[in-house]
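Novice:
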DNA sequence: CCGGTGACTCTAT
DNA sequence: TATAGAGCCACCG
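Numbering (this note's numbering), first residue to last: 203 to 318.
(1) Counting beta carbon pairs with one atom in the stretch 243–253 and one in the stretch 281–289, are three or more of them shorter than 8 Å?
(2) Over what stretch of residues does the alpha helix (DSSP H) that includes residue 310 continue unbroken?
(3) For the alpha helix (DSSP H) holding residue 238, just list the boundary residues, first then last.
(4) Does residue 302 come out as helix, strand or coil in the three-state DSSP assignment?
(5) Using DSSP with H/G/I as helix, E/B as strand and the rest coil, what is residue 296?
(6) Can you say whether residue 266 is buried or exposed, counting buried as having 16 or more other CB atoms within 10 angstroms of its CB?
(7) Can you check which of these residues, 235, 290 and 311, is closest to residue 226 by C-alpha distance?
(8) Determine the burial state of residue 277: buried for a count of at least 16 other Cβ atoms within 10 Å of its Cβ, exposed for fewer.
(9) Who pairs with residue 267 in a beta bridge, going by DSSP?
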């Protein structure tokens, strides 16, 4: 199959697909996923998709998706406000003040890692 | 059908 | 450097 997502498919499905491709111990941003999918919908739709991600199976590692600044903007939407931070910490990602430390090094850009 | 809302991002002041 | 505003598109009432 092509690594390129089907533009005819649901945008949400693509978001979840890309999110599951995020390697262990890595993080990405809403904008990066949106850009990889064409940025047609915008980063906000990625966040909206993440809101429904907990309903998907297999589950989506939404804790690996943060905003452009590396801030855990979505932590409050998890089962517990600390779930996202603890999940990332468990993967070796250092979190300080709700922000991913060394974000640039841990940043996983699908447009760079997948697209070619 | 129309308006409000949102796990974002960029640009301007 | 920090703060404010606009743009963006899909879902819900």
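A virtual CB, placed ideally from N, CA and C, is assigned to each residue, including glycine.
Specialist: Reading from the atomic positions:
(1) no
(2) No alpha helix (DSSP H) contains residue 310, which DSSP labels as neither H nor E.
(3) 232–238
(4) strand
(5) coil
(6) buried
(7) 290
(8) buried
(9) 230
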